[in-house]
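See structure below.
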Amino acid sequence: MQKIRPFLFTAAALCTAAALLVPAEEAFGFSKLGSNLTVDERDFRIFDNFADGASNNNTTAHSNFPGFTGAEMAIWKGGIEWGSGHGNGSGDPTQTSLGSGNANFEPAWMGVANGVGGGADNVVSAITSCSGGTLAFTESGFSSGWRIRFCDNVTWADGPGNVNVLQFDLQGVMVHEYGHALGLGHSGTGAATMSPSTGPSNEGDRSIHSDDIAGVQCIYGVRNFDKPTITSVSIDSVVGTVTIGGSFFSAIDNDVWYIPQAVTGVSDDARIIVSGLNSSNGGTQIIAPIPEPAGPGAIHVRINETGHHSLSNSWPLDPGSAAAVSATATFYNGSGVNPVCFGSTLPPVLGNPWNLTINATVHPGGAGFSGVLCYAGSASGPVIAAGELLVDLTSTSFGSTILVSTGFIDTFSIPIPGEAVFLGRTGTCQGFTYSAAIGALLCNAENVMLGL
Ligand SMILES: [Zn+2]
Numbered sequence: 095m096q097k098i099r100p101f102l103f104t105a106a107a108l109c110t111a112a113a114l115l116v117p118a119e120e121a122f123g124f125s126k127l128g129s130n131l132t133v134d135e136r137d138f139r140i141f142d143n144f145a146d147g148a149s150n151n152n153t154t155a156h157s158n159f160p161g162f163t164g165a166e167m168a169i170w171k172g173g174i175e176w177g178s179g180h181g182n183g184s185g186d187p188t189q190t191s192l193g194s195g196n197a198n199f200e201p202a203w204m205g206v207a208n209g210v211g212g213g214a215d216n217v218v219s220a221i222t223s224c225s226g227g228t229l230a231f232t233e234s235g236f237s238s239g240w241r242i243r244f245c246d247n248v249t250w251a252d253g254p255g256n257v258n259v260l261q262f263d264l265q266g267v268m269v270h271e272y273g274h275a276l277g278l279g280h281s282g283t284g285a286a287t288m289s290p291s292t293g294p295s296n297e298g299d300r301s302i303h304s305d306d307i308a309g310v311q312c313i314y315g316v317r318n319f320d321k322p323t324i325t326s327v328s329i330d331s332v333v334g335t336v337t338i339g340g341s342f343f344s345a346i347d348n349d350v351w352y353i354p355q356a357v358t359g360v361s362d363d364a365r366i367i368v369s370g371l372n373s374s375n376g377g378t379q380i381i382a383p384i385p386e387p388a389g390p391g392a393i394h395v396r397i398n399e400t401g402h403h404s405l406s407n408s409w410p411l412d413p414g415s416a417a418a419v420s421a422t423a424t425f426y427n428g429s430g431v432n433p434v435c436f437g438s439t440l441p442p443v444l445g446n447p448w449n450l451t452i453n454a455t456v457h458p459g460g461a462g463f464s465g466v467l468c469y470a471g472s473a474s475g476p477v478i479a480a481g482e483l484l485v486d487l488t489s490t491s492f493g494s495t496i497l498v499s500t501g502f503i504d505t506f507s508i509p510i511p512g513e514a515v516f517l518g519r520t521g522t523c524q525g526f527t528y529s530a531a532i533g534a535l536l537c538n539a540e541n542v543m544l545g546l
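Pasting the structure below:
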């Protein structure tokens with residue numbers, strides 16, 4: 095038996111409750127490193143630099159793991175075994191269901207990184223060789239992240255079936271190493287995945303043991319009865335949305351995490367997060383726009399709360415070519431008679447504040463008021479004393495905003511609703527300034543489309 099050893103391993107204490115309250119014959123063997131991963135450190139990625147062909151010869155796709163095969167799929171499965179469920183749980187021939195932690199803990203697969211990364215970039219990769227019989231190790235930045243290295247002087251096999259006597263099981267050892275990343279030390283229970291040893295041709299570590307489950311539950315808490323849970327997804331490829339069915343979503347301000355299509359930089363936050371989403375039907379449904387850069391993989395819902403329980407289980411999603419429209423903002427100034435004094439650095443994105451500026455120095459009357467008018471339709475004229483009207487006052491009003499001017503650069507922040515029903519909605523917004531001495535002065539406008 096060769097040893098698997100964590101790179102950083104601290105003396106660990108038993109979960110206090112378990113040690114004190116459980117009768118001796120039921121005592122758990124798990125230990126803790128004294129840390130936990132914050133909800134924003136649940137992402138995990140791979141840099142697939144494994145040298146042996148056996149590491150990447152599983153070319154059979156599985157609907158529970160869209161978009162990935164080979165070492166990517168094996169690492170993905172290994173990570174999510176610690177979660178509380180992934181899709182229908184299928185996909186591994188050596189166990190009945192993936193995602194057995196039943197704790198307030200959910201790993202979030204985020205695909206492929208472009209390098210091995212630093213010690214807190216949450217990337218799994220191979221290292222050419224290790225000494226002392228070490229097969230793999232986890233460097234832990236504790237709550238700020240981790241890095242896992244597989245020692246490539248042995249042969250790693252990506253499964254998904256049995257690995258032979260000359261090979262080590264990539265998926266099972268990933269389960270063990272990710273256990274260190276989430277804060278577990280080695281277990282004294284021999285059958286536990288977190289026991290310190292393994293051997294070739296051992297797929298038994300893919301499925302976590304009751305001792306491992308007690309460990310992850312000790313650190314993150316037993317899964318709350320009202321933890322957000324995804325149970326279905328349905329894509330509307332015409333408008334580029336996904337309808338997420340489930341339970342215990344927040345009424346307002348849910349986030350949906352998507353996986354990026356592209357390989358991401360090692361220090362990037364790879365998550366694509368669509369925020370500001372309301373739920374309907376009593377917290378059982380969210381209709382979320384699918385951002386154009388989202389790829390096949392899985393999604394999570396993060397509800398409008400803090401704490402380990404705030405992230406849902408993962409659910410497979412393959413958006414295919416479905417993508418919501420991108421937000422746009424185009425400079426518009428009609429016949430060009432108005433001074434250019436209105437603008438935004440970014441277009442109006444669903445679920446986010448839209449930040450606008452008005453340059454009040456174009457108004458020689460000094461400090462007065464600045465404002466923005468938004469209508470469904472644009473216009474070119476009439477030209478009135480204030481300047482050229484660029485919005486169609488007979489069309490639907492989207493509201494106006496006015497504030498006391500600084501006399502310099504005035505900034506506005508208009509909240510854009512997150513609901514998918516606003517996707518693709520177009521309109522025109524025009525800035526203006528006003529003072530009692532001189533009256534109104536119209537600025538240029540922007541033609542906008544709400545999107546992502
Ligand atoms: Zn270990």
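Residues 95 to 546 (my numbering) make up the sequence shown, in order. Glycine is no exception: its CB is placed at the ideal position from the N, C-alpha and C atoms.
- Item | Best match in F138, I242, P413 for proximity to G205 [C-alpha to C-alpha] | F138
- Message: According to DSSP, simplified to helix, strand and coil, what is W176?
- Response: coil
- Task: Let me know the secondary structure DSSP gives C109 once reduced to three states.
- Result: Unreliable positioning characterises C109 in this predicted model, as indicated by a pLDDT of 49, which lies under 50. The coordinate reading is nonetheless provided below. Correct three-state label for C109: coil.
- Task: Enumerate, from N- to C-terminal direction, the unbroken alpha helix (DSSP H) stretches of 4 or more residues contained entirely within the segment 229-305.
- Result: 264-275
- Task: May I ask whether a heavy atom of ligand 1 can be found less than 8 Å away from the beta carbon of H180?
- Result: no
- Task: Please work out which residues of its chain come closer than 6 Å, Cβ to Cβ, to N550, disregarding the five sequence neighbours upstream and downstream, and give them in chain order.
- Result: With the chain represented from 95 up to 546, any question about residue 550 goes unanswered, as that position is not in the structure.
- Taking 9 Å as the cut-off, decide whether the C-beta atoms of N427 and A539 are in contact. yes
- Does the Cβ of T232 lie closer than 8 Å to at least one heavy atom of ligand 1? yes
- Item | Cα-Cα separation between F159 and G391, rounded to whole angstroms | 6 Å
- Message: Let me confirm a value: S219 is counted as buried when at least 16 other C-beta atoms fall within 10 Å, else exposed. Which label applies?
- Response: buried
- Message: Out of C468, I452, L371, A480, which one is the CA nearest neighbour of V431?
- Response: A480
- As assigned by DSSP and simplified to three states, the class of F199: coil
- Message: Rounding to the nearest angstrom, what Cα-Cα distance links G239 and K321 in this structure?
- Response: 23 Å
- Task: Put T325 into one of helix, strand or coil per three-state DSSP.
- Result: strand
- Between the CA atoms of G370 and I510 - distance to the nearest angstrom: 9 Å
- How would you write the range of the beta strand (DSSP E) that T495 sits in, first residue to last? 491-498
- Beta-carbon separation (whole angstroms), A323 vs N398, contact threshold 8 Å: Here residue 323 turns out to be Thr, not Ala, going by the sequence shown. No, T323 and N398 are not in contact; Cβ-Cβ is about 16 Å, not under 8 Å.
- Task: Go to D349, then tell me how far its beta strand (DSSP E) extends in each direction, as first and last residue.
- Result: 348-352
- Message: Using 9 Å as the threshold, is the C-beta distance between S438 and N449 below it?
- Response: yes
- Message: Would the segment 354-372 count as touching the segment 167-174 if we require 3 or more Cβ pairs under 8 Å?
- Response: no
- Query: Would the C-beta of H274 count as close to ligand 1, meaning under 8 Å from any of its heavy atoms?
  - Reply: yes
- Provide the residue span of the beta strand (DSSP E) that contains Q189, from first to last. First-last for Q189: undefined, no H or E at that position.
- Does the beta carbon of G525 come closer than 9 Å to any beta carbon on chain B? Protein chains in the displayed structure number just one, and chain B is not present.
- Have a look at I221, G266, Q265 and flag the residue whose alpha-carbon is nearest the alpha-carbon of F244. I221
- Message: Let me check you understand the geometry: is the CB of H280 closer than 8 Å to at least one non-hydrogen atom of ligand 1?
- Response: yes
- Message: Within the continuous beta strand (DSSP E) that includes I381, where are the two ends?
- Response: 379-383
- Below 9 Å between beta carbons: does that hold for T527 and F425? no
- CB of E200 to nearest heavy atom of ligand 1: below 8 Å? no
- Return helix, strand or coil for I372, following the three-state DSSP convention. Ile is not the amino acid found at residue 372; the sequence shown has Asn there. Here N372 sits in coil by DSSP.
- Message: Following a CB-centred definition, is H303 positioned closer than 8 Å to any heavy atom of ligand 1?
- Response: no
- Query: Is E175 near ligand 1, going by C-beta to nearest heavy atom under 8 Å?
  - Reply: no
- Task: Express the C-alpha separation of V333 and I393 in angstroms, rounding to a whole number.
- Result: 18 Å
- Item | Cα-Cα separation, L517 to L544 | 6 Å
- Item | Euclidean distance between Cα positions of A230 and I242 | 7 Å
- Query: Can you find at least 3 beta carbon pairs, one from the segment 407-416 and one from the segment 380-391, that sit closer than 8 Å?
  - Reply: yes
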